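*Asks:* This is the structure I want to talk about, given as structure tokens.
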Amino acid sequence: MAVYLKKEVWNILEKEDINSALNSLNKFPPTKVVSFLIGAFLHVKEEVRWKAVIAFGYVVSRIAEIELEKARIVIRRLIWMLNEESGGMGWGVPEGFAEALYNHEVLKNEYLSIFVSYIWNTEDTQKYKADNYLEFPPAQRGVIWGLGRLAQKYRNELLEKKTHFHLYQHLISSPDLAVKFLSLWSLNNLFPFPKDFKLNPQKVQKTIELLEKENFSYLMFDGKEIARKHISHLKKLLKIF
Numbered sequence: 016m017a018v019y020l021k022k023e024v025w026n027i028l029e030k031e032d033i034n035s036a037l038n039s040l041n042k043f044p045p046t047k048v049v050s051f052l053i054g055a056f057l058h059v060k061e062e063v064r065w066k067a068v069i070a071f072g073y074v075v076s077r078i079a080e081i082e083l084e085k086a087r088i089v090i091r092r093l094i095w096m097l098n099e100e101s102g103g104m105g106w107g108v109p110e111g112f113a114e115a116l117y118n119h120e121v122l123k124n125e126y127l128s129i130f131v132s133y134i135w136n137t138e139d140t141q142k143y144k145a146d147n148y149l150e151f152p153p154a155q156r157g158v159i160w161g162l163g164r165l166a167q168k169y170r171n172e173l174l175e176k177k178t179h180f181h182l183y184q185h186l187i188s189s190p191d192l193a194v195k196f197l198s199l200w201s202l203n204n205l206f207p208f209p210k211d212f213k214l215n216p217q218k219v220q221k222t223i224e225l226l227e228k229e230n231f232s233y234l235m236f237d238g239k240e241i242a243r244k245h246i247s248h249l250k251k252l253l254k255i256f
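So the mapping is simple: the numbering used here equals the position in the sequence shown, first residue as 1, plus 15.
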């Protein structure tokens, strides 16, 4: 039965657009399909992985509406997968985590601070050690994308948690082009910033020029569609300076 259900779920993700896929997934009990969606975070096709992330957030919100504690168990599973002691990388996990918080306010209230802590490098603030900080850039990409996604709905709460500061540090200091690109996108979603926050326009421009030089693009879900976004497209949208 489990093998059949996995095949059904993955077939939906592979063949249907995201809106149709969400409708199709409604015919299954959400607790029965959530593990197969997590498994699809590792699908060989990147677009299918993104569909799995979106569907995961939707399904977890359905679980939360039925029985909140079961949704908490799913979120705690993600937290474990992002823990170094789990022994895994957790590909797609930060993105799925963010989508779950985006889709359910109670989960957002309970876990948003933990999510932000994954990119809180204590070297930036000289405060106590943040054990959750993810040092591996590919893991940071998912968190940084997730913060930009959450900013589309919960901007003020993210600003209160100094998310803009942490994103800015990654924008200007990360050696990873995808981290820089996603930090730029996420910062833009958080604009306007508090008056006491000042970014350096020259450093931001230098980052943009580097991304342009590398002709950088990134396949992502921007809240409306899954599409490859080029730095030239993002540059046209920028409001941050």
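Positions of the beta carbon are idealized from the N, C-alpha and C atoms, including for glycine. Computed from a predicted model, the values in this text were never measured in an experiment.
Across which residues does DSSP place H245 in a beta bridge pair?
*Replies:* S232
*Asks:* Considering only their Cβ atoms, is the gap separating E229 from K250 smaller than 9 Å?
*Replies:* no
*Asks:* Using a Cβ-Cβ cutoff of less than 7 Å, which residues in the same chain neighbour E31 once the five nearest sequence positions on both sides are dropped?
*Replies:* S39
*Asks:* Evaluate contact between the region 163-172 and the region 211-218, counting only Cβ atoms and requiring at least three cross-stretch pairs below 8 Å.
*Replies:* no
*Asks:* Here's the rule I'm using: 16 or more other beta-carbon atoms within 10 Å means buried, otherwise exposed. How should Y19 be labelled?
*Replies:* exposed
*Asks:* Is it a yes or a no for the region 68-87 touching the region 104-121, going by three-plus beta-carbon pairs under 8 Å?
*Replies:* These segments touch.
*Asks:* Please report the distance separating the alpha-carbon of E120 from that of A36.
*Replies:* Distance between the alpha carbons of E120 and A36 is about 23 Å.
*Asks:* Check the C-beta distance from V158 over to F130 and give it rounded, since I have them as a contact under 8 Å.
*Replies:* Right, their Cβ atoms sit about 7 Å apart.
*Asks:* My guess is that L28 and K66 are in contact by the Cβ rule of under 8 Å, so how many angstroms apart are they, rounded?
*Replies:* With 8 Å as the limit, L28 and K66 qualify as a contact, their Cβ atoms being about 5 Å apart.
*Asks:* Are the Cβ atoms of P153 and H179 separated by less than 9 Å?
*Replies:* The answer is no: Cβ separation not under 9 Å.
*Asks:* Taking just the CA atoms, how far does E82 sit from T46?
*Replies:* 10 Å
*Asks:* Return the CA-CA distance between S237 and A17, expressed in angstroms with no decimal places.
*Replies:* In the sequence as presented, Ser is not what sits at residue 237; that position holds Asp. Taking the straight line from one Cα to the other gives about 32 Å.
*Asks:* Residue range of the alpha helix (DSSP H) that V131 falls in?
*Replies:* E120 to S132
*Asks:* Can you list, in chain order, the residues of its chain with a C-beta nearer than 8 Å to that of L192? Leave out the 5 residues immediately preceding and following it.
*Replies:* L225, L226, E229 and F231
*Asks:* Assign S128 to one of two classes, buried (16 or more other C-beta atoms within 10 Å of its C-beta) or exposed (fewer than that).
*Replies:* exposed
*Asks:* Please classify P190: does DSSP put it in a helix, a strand, or coil?
*Replies:* coil
*Asks:* With the cut-off set at 9 Å, would you say R243 and L234 are in Cβ contact?
*Replies:* yes
*Asks:* If you run the structure through DSSP and keep just helix, strand and coil, what is P44?
*Replies:* coil
*Asks:* What do you get for H185, buried or exposed, if any count of 16 or more other CB atoms within 10 angstroms of its CB means buried?
*Replies:* buried
*Asks:* Express the C-alpha separation of V48 and L182 in angstroms, rounding to a whole number.
*Replies:* Going from the Cα of L182 to the Cα of V48 covers about 33 Å.
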